[in-house]
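These notes are about the structure you will find just below.
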Amino acid sequence: MSETLGSPQRPLRVAVVGSGPSGFYTVGALAKAADVECRVDVFDRLPTPYGLVRGGVAPDHQNIKNVIRVYRKLTLDPGFRFFGNVEIGTVLDVDELRRHYDQVVFAVGNESFRTIGVPGEDLDGIFSATEFVGWYNGHPDFDHLDFALDDVERVAVVGNGNVAMDVARVLAKNPDGLAKTDIAAHAVETLRRSSVREILVLGRRGPAQAAFTTKEIKEIGGLEEIDVVIPPADAELDELSRRWLDENGSTGAKNNVEYLTQRSAEAPRGLDRTMVFEFLTSPIEFLGHGGRLEAVKLERNELYEDDRGTPRPRGTGEHRIENVQLALTAVGYRGVPMPGLPFDERNGVLPNDEGRIQDANGNRLAGLYTVGWAKRGPTGLIGSNVADAAETVRHMMSDLTAGDVRSAEIDDPDALSAMLGAKGLRVVSFADWESLDAIEVERGEAVGKIREKFTDVNGMLAALDGG
Ligand code: NAP
Numbered sequence: 082m083s084e085t086l087g088s089p090q091r092p093l094r095v096a097v098v099g100s101g102p103s104g105f106y107t108v109g110a111l112a113k114a115a116d117v118e119c120r121v122d123v124f125d126r127l128p129t130p131y132g133l134v135r136g137g138v139a140p141d142h143q144n145i146k147n148v149i150r151v152y153r154k155l156t157l158d159p160g161f162r163f164f165g166n167v168e169i170g171t172v173l174d175v176d177e178l179r180r181h182y183d184q185v186v187f188a189v190g191n192e193s194f195r196t197i198g199v200p201g202e203d204l205d206g207i208f209s210a211t212e213f214v215g216w217y218n219g220h221p222d223f224d225h226l227d228f229a230l231d232d233v234e235r236v237a238v239v240g241n242g243n244v245a246m247d248v249a250r251v252l253a254k255n256p257d258g259l260a261k262t263d264i265a266a267h268a269v270e271t272l273r274r275s276s277v278r279e280i281l282v283l284g285r286r287g288p289a290q291a292a293f294t295t296k297e298i299k300e301i302g303g304l305e306e307i308d309v310v311i312p313p314a315d316a317e318l319d320e321l322s323r324r325w326l327d328e329n330g331s332t333g334a335k336n337n338v339e340y341l342t343q344r345s346a347e348a349p350r351g352l353d354r355t356m357v358f359e360f361l362t363s364p365i366e367f368l369g370h371g372g373r374l375e376a377v378k379l380e381r382n383e384l385y386e387d388d389r390g391t392p393r394p395r396g397t398g399e400h401r402i403e404n405v406q407l408a409l410t411a412v413g414y415r416g417v418p419m420p421g422l423p424f425d426e427r428n429g430v431l432p433n434d435e436g437r438i439q440d441a442n443g444n445r446l447a448g449l450y451t452v453g454w455a456k457r458g459p460t461g462l463i464g465s466n467v468a469d470a471a472e473t474v475r476h477m478m479s480d481l482t483a484g485d486v487r488s489a490e491i492d493d494p495d496a497l498s499a500m501l502g503a504k505g506l507r508v509v510s511f512a513d514w515e516s517l518d519a520i521e522v523e524r525g526e527a528v529g530k531i532r533e534k535f536t537d538v539n540g541m542l543a544a545l546d547g548g
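See the structure below:
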């Protein structure tokens, strides 16, 4: 190659696989890379961009979705292209993709979920919160699900993270308010028919170890629709937690404990719907009849200190059974393998060293990088991806400077579009997405909502092509 990679004559060609927050913050960090001329193509398996901002953030948290404005600005750069409806690893394999780019960044997030691993978890009526969230947000993968809330009076939400708070809150809220958001139409219909009376939120450890943020628990505590009950015995800290909180507790954990303690002393208002927070409680079996969930067997836990000084739960042998017709397990997301790349089964991520993808022996795979949840696992808020993407891009730039790049074999930037077209794929460009976006907003306006999402890929493509 005669011209220098990253020069105006031969810009660096980068593919970013995944258009969620980590993908877009990578685009942003590349735009800031000094003295390097860069062309970025962003791929998404869906025709729609923005990943979890569209498909994960709760519909009543519209302010969080404002980050889209930042992402959209990045798409205005003439070097930016969007390849929607193109799944890497299936319709286009990783090796094929690499032939067109100097560097490839995998921003594929965590597309699956963890299970608890107790008997009966496969009964009908047990879902992961990931599925429930995807369903109410109109994600095409979850369009087919049926939550039959008209047959449900009691729900168990397992887990104490912010996802657990999201699903518990959406179940509790008056659907009339949600109906004005961008929630999927099928979810509003189902929530309107809901006969849910009681939501049990189960934390396996104590209030001091809850993973939710104080803002989220306070939002639940402020709901008008439902009595929030925190049994005083559950709010009380055991000896170990008190010491741990004093010595190691974050400000967030201290604020959570303060709020939960104060709320536990408040008498319920006597509403006919309640949300009960139980701590130190784990499901140990789901019980059903005819393949359908009817109850959950719970065990009381106690905390012990592991060899790193972290409080861990263990069962006390004290059991009880609670009738529930729906259980949502909100115990964390999990990555799925990307065909053609190594995978760290234990942690559910792409094996990497600060974003540089490695093989099973710890050797770097030149030109391949990762960001976001695919890199570090399912932790952190949307903004955590800013520093995370900056770290990976820093390494991409130093590898470029060191000449440690496997440069594209195919020099023509239009060759990939032609090849995808020849495969019969309907690639969705960013201009196409903006048309779809306008149609969704228009459909929403007609029914008094922020937007009415298309919830299946065929519907999106038909709308784009005049169907
Ligand atoms: P998370 O914050 O890691 O919480 C997972 C919860 O599941 C923890 O309470 C964990 O308890 C519990 N858990 C794990 N395994 C369990 C088991 N076998 N039995 C019972 N409980 C179990 O994960 P997340 O809620 O999925 O959220 C993912 C990330 O997205 C977090 O960083 C979260 O803050 C963020 N998020 C933010 C918002 C927002 O800002 N509004 C909304 C949604 C998500 P232990 O602590 O005992 O492991």
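Its first residue numbered 82, the sequence shown is counted upward by one per residue in this note's numbering.
Yeah, the Cβ is synthetic: ideal placement off N, Cα and C, and Gly gets one too.
Cutoff 6 Å; reference residue i; Cβ partners in own chain excluding five residues on either side
| i | result |
| --- | --- |
| R120 | P92, R94, G160 |
| A210 | V244, V248, L409, A411 |
| A544 | I520 |
| A260 | V269 |
| T342 | A316 |
| V357 | L281, V310 |
| M82 | Here the model assigns M82 a pLDDT of 47, short of 50, so the residue's position is not dependable, and the following value carries that caveat. Excluding positions up to five away in sequence, the list is empty. |
| E380 | S363, I365, G396, H400 |
| R195 | V412, G413, R415 |
| T451 | F187, L431, N433, G436, I438 |
| D546 | none |
Beta-carbon separation (whole angstroms), residue i vs residue j, contact threshold 8 Å
| i | j | result |
| --- | --- | --- |
| E383 | R395 | 6 Å |
| A139 | D122 | Going by Cβ atoms, the distance from A139 to D122 rounds to 30 Å, so no, they are not a contact pair. |
| G453 | P102 | 7 Å |
| E279 | E234 | 7 Å |
| Y106 | N466 | 5 Å |
| G201 | E366 | 5 Å |
| G219 | K534 | 4 Å |
| D537 | P221 | 5 Å |
| N45 | L127 | Not covered by the structure: residue 45. The range shown for the chain is 82 to 548. |
| A253 | I307 | 4 Å |
| L283 | L230 | About 19 Å; that fails the 8 Å criterion. |
| P420 | D174 | 7 Å |
| T156 | F511 | 5 Å |
| N336 | P288 | Between P288 and N336 the Cβ distance is about 11 Å, and since that is not below 8 Å, they are no contact. |
| A489 | Y182 | 5 Å |
Member of the options whose CA lies at the smallest distance from the CA of residue i
| i | options | result |
| --- | --- | --- |
| R286 | I264, T362, W325 | T362 |
| D319 | V309, G302, F360 | F360 |
| N428 | R437, G421, I438, G416 | G416 |
| E317 | L304, R344, G302 | R344 |
| I145 | L497, I169, L462 | L462 |
| G436 | E426, G448, V134 | G448 |
| H370 | G198, D205, P459 | D205 |
| I264 | S510, Y217, V277, D232 | Y217 |
| F163 | G137, D513, M477 | D513 |
| I169 | A441, L501, R475 | L501 |
| R487 | D495, D493, M477 | M477 |
| T262 | M541, I531, D546, N539 | I531 |
| R274 | A289, Q290, N255 | N255 |
| G330 | D388, P392, A314, D224 | P392 |
| R507 | K456, G242, L155, T129 | T129 |
| V214 | G284, N147, L133, L157 | L133 |
| K113 | A470, R457, K456, T85 | A470 |
| I197 | Y182, D232, V239 | V239 |
| A346 | L230, P313, P89 | P313 |
| F124 | V98, S276, L326 | V98 |
| G351 | E305, V277, G372 | E305 |
| I141 | V251, S88, R150 | According to the sequence displayed, residue 141 carries Asp and not Ile. Closest by alpha carbon: V251. |
Beta-ladder partner(s) of residue i, from DSSP
| i | result |
| --- | --- |
| H370 | R373 |
| R393 | Y385 |
| N404 | A376 |
| D425 | V430 |
| T410 | S209, V239 |
| V233 | Looking at the DSSP assignment, V233 forms no beta bridge with any residue, so it has no partner. |
8 Å CB neighbourhood of residue i in its chain, flanking five on each side removed
| i | result |
| --- | --- |
| F208 | L226, F228, L407, A408, L409, T410 |
Own chain partners of residue i with C-beta closer than 7 Å, once the 5 adjacent residues on each side are dropped
| i | result |
| --- | --- |
| N404 | R235, E375, A376 |
| Y152 | F105, Y131 |
| D495 | none |
| E84 | Q90, R91 |
Residue i at chain C interface by Cβ criterion, 8 Å
| i | result |
| --- | --- |
| D308 | Going by chain labels, chain C is absent from the structure shown, which holds only one protein chain. |
Within the region 432–485, ranges of the alpha helix (DSSP H) (whole runs, at least 4 residues): The region 432–485 contains these whole alpha helix (DSSP H) runs: 454–457, 465–482.
Threshold first: 4 residues or longer. Then list the alpha helix (DSSP H) segments lying entirely within the region 139–222, N to C. Listed in chain order, the complete alpha helix (DSSP H) runs (minimum 4 residues) inside the region 139–222 are 148–156, 175–179, 210–217.
Which complete beta strand (DSSP E) runs does the region 248–306 hold, if anything under 3 residues is left out? Residue ranges of uninterrupted beta strand (DSSP E) with 3 or more members, entirely inside the region 248–306 and ordered along the chain, are 279–283.
Hey, which unbroken runs of the beta strand (DSSP E) at 3 residues or more fall wholly within the region 309–373? Complete beta strand (DSSP E) runs here, min 3: 355–359, 362–370.
Whole runs of the alpha helix (DSSP H) within the region 88–131, excluding any shorter than 4 residues: The alpha helix (DSSP H) runs lying completely inside the region 88–131 and spanning 4 residues or more are 102–113, given in chain order.
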